[in-house]
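First the structure, in the form of C-alpha cells, and then the observations on it.
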Amino acid sequence: MPISVEDGPVLSIQRVETDQFRPSETVVTATVENGGDVTGATAVDLRGAGGNELDSTTVRLEPGATTDTRFTIRRDDRETDRDELFVTARLEGAETEDDRRRVDLSEE
12 MPISVEDGPV LSIQRVETDQ FRPSETVVTA TVENGGDVTG ATAVDLRGAG GNELDSTTVR
72 LEPGATTDTR FTIRRDDRET DRDELFVTAR LEGAETEDDR RRVDLSEE
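Just so you know, we're using the numbering used here here: the sequence shown kicks off at 12 and counts up by one.
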C-alpha cells in the first residue's frame, strides 16, 4: 500500500482589486486560493503601516478552492498611509504569512 504525504494548505493571493462606490469609501476584494491538498482555516487580513491589522476575516478553504474577501477602506483610513496597505493570507493561528500583496490605490 503506497504511503501518501500531504502538503497541507498552500495559500496564495491570486489578485487584489479595488472599487470606489462612494467618494469616501473604497472596497478592496482579495481572491485567495488554497493550492494544497488539505482544508485549512485561512485568515485573510488587511494591514496598514507597520503591519497594523485594520480588518480580518477567517474562512475555511478546501483544496483547490478560492474565496473572495472584501474589506472597506474609509477615507480617513487610507489617507494616513495610502502606499502601505497590504492584504495577507495565512493559516489561522500562524505567525508567518503565506502570501502578501500590496493594495494599489493609485487609480482611486
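Beta carbons: idealized from backbone N, C-alpha and C, even for Gly.
These numbers were taken from a predicted model, which means no experiment stands behind them.
| Query | Result |
| --- | --- |
| Among residues of its own chain, excluding the 5 on either side of residue 91, which ones have a beta-carbon nearer than 8 angstroms to its beta-carbon? | Note on residue 91: pLDDT 49, under 50, position unreliable in the model; the coordinate value appears next. Correct list, in chain order: 59, 60. |
| For residue 100, does the three-state DSSP call read helix, strand or coil? | strand |
| Would you grab the beta carbon distance between residue 78 and residue 70 for me? Rounded to a whole angstrom, and I think it's under 8 angstroms. | 5 angstroms |
| Taking buried to mean at least 16 other C-beta atoms within 10 Å of its own C-beta, is residue 97 buried or exposed? | buried |
| Return the first residue and the last residue of the beta strand (DSSP E) that residue 35 is part of. | Taken as a continuous stretch (DSSP letters only), residue 35 belongs to no beta strand (DSSP E), as it is neither H nor E. |
| Measuring straight from C-alpha to C-alpha, what distance separates residue 111 and residue 105? | 14 angstroms |
| Please state whether DSSP places residue 60 in a helix, a strand or coil. | helix |
| By DSSP, does residue 106 sit in helix, in strand, or in coil? | coil |
| Leaving out five residues before and five after residue 36 in sequence, what residues of the same chain have Cβ atoms less than 8 angstroms from its Cβ? | 83, 84, 85, 86 |
| Classify residue 73 as helix, strand or coil using the three-state DSSP reduction. | coil |
| In its own chain, which residues sit with a C-beta less than 6 angstroms from the C-beta of residue 25, not counting the 5 before and 5 after it? | 42, 44 |
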